[in-house]
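In the numbering used here, the protein residues as written are 58 to 277.
Beta carbons are placed, not taken as given, at the ideal position from N, Cα and C, and that holds for glycine.
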Amino acid sequence: MSEPLRIVVLISGNGSNLQAIIEAIQQQALPARICAVISNNPNAPGLEHARAAGIPTQVIDHKIFPDRAAFDAALQNAIDLLTPQLVVLAGFMRILGSAFTAHYEGRMLNIHPSLLPAFTGLNTHQRALEARITEHGASVHFVTRELDGGPVIIQARVPILDNDTIKILAQRVLNAEHCIYPLAIRWFAEGRLRLTQGKVMLDGLFLPTPVNYQHELSAP
Ligand code: GRF
């Protein structure tokens with residue numbers, strides 16, 4: 058057996074994706090080890106998930122830094138001391154500069170609550186409802202300098218139903234996120250997934266389109 062993949066998870070909020078990753082590891086569905094969880098928000102509820110699982114936590118509060126570059130440098134330094142093989146953004150709500158994203162090119166993933174390239178940025182569920190489309194979802198992608206613009210690895214689609222509210226739709230998307238993020242990390246851990254020439258390579262082949270995850274529809 059090879060060593061589990063060393064990962065560092067960055068969060069800002071609830072950490073439900075972090076919890077899904079922790080559970081996948083506990084259930085031996087993901088050959089990884091979380092070296093640390095780092096939050097820019099001292100009050101992120103997700104820090105509790107890490108503590109409950111015995112994972113070291115660090116807070117690097119962006120508010121104490123004079124500018125974005127200084128925050129990025131401190132974050133990069135903290136991450137590199139942990140020598141991870143993969144950096145996992147899981148609801149990390151700070152925009153990262155191009156020096157930072159270049160440093161982790163090919164070894165940093167993000168999950169975004171939309172079917173990219175649709176709805177980059179914030180408030181994706183509200184915007185999907187306002188657009189009166191019938192399908193929404195989530196995407197896991199390699200992080201590049203373009204915000205939510207890196208090559209997409211896997212997407213999960215969910216329907217938008219007639220009486221959906223932002224909250225109901227967000228939860229339906231989150232349920233799907235909790236399936237696809239551990240899966241994408243697992244592919245990386247197994248050496249099956251990589252970024253090559255700016256494109257996603259899975260099992261030695263360039264992906265012509267993102268993998269379409271067949272999510273079992275569950276209420277709500
Ligand atoms: C998720 O919707 C994720 O796609 C987005 O931020 C949210 C984080 O949720 N980037 P959680 O903190 O993992 O519960």
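Item	Value
beta-carbon SER96 near ligand 1 non-hydrogen atom, thresh 8 Å	no
Coarse secondary structure for TYR270, derived from DSSP in three states	strand
Distance CB(ILE79)-CB(ALA107) smaller than 9 Å	yes
Residue from ALA109, ASN98, PRO102 whose Cα sits closest to the Cα of ILE117	ASN98
Sheet register partners of THR194 (DSSP bridge)	Looking at the sequence itself, residue 194 is Gly, so the reference to Thr does not match. According to DSSP, which records beta bridges pairwise, GLY194 is partnered with ARG214.
Paired residues, beta bridge with THR114 - DSSP	VAL94
Cβ shell of GLN133 (< 7 Å), same chain only, five flanking positions each side left out	PHE157, HIS160
Nearest candidate by alpha-carbon position, reference GLN142, set LEU226, ASN269, ILE242, CYS236	ILE242
Residues bridged to PHE199 [DSSP beta-bridge criterion]	LEU166
Boundaries (first-last residue) of the beta strand (DSSP E) holding LYS120	Counting along the chain, LYS120 falls outside any beta strand (DSSP E), and DSSP gives it neither H nor E.
Nearest candidate by alpha-carbon position, reference ARG125, set PRO267, ARG229, GLN228, MET150	MET150
Three-state secondary structure assigned by DSSP to PHE263	strand
For GLN85, three-class secondary structure by DSSP	coil
Top-ranked residue by Cα proximity to GLU162, from LEU252, ILE112, TYR270	LEU252
Anticipated Cβ contact below 8 Å, SER196 with PRO267, distance rounded	7 Å
Any non-hydrogen atom of ligand 1 closer than 8 Å to MET150 Cβ	yes
Own chain residues within Cβ distance below 7 Å of THR177, not counting five before or after	LEU204, ASP205, GLY206
Under 9 Å between C-beta atoms of ALA147 and VAL66	yes
Inter-residue Cα distance where the pair is ALA130 and ASN220	45 Å
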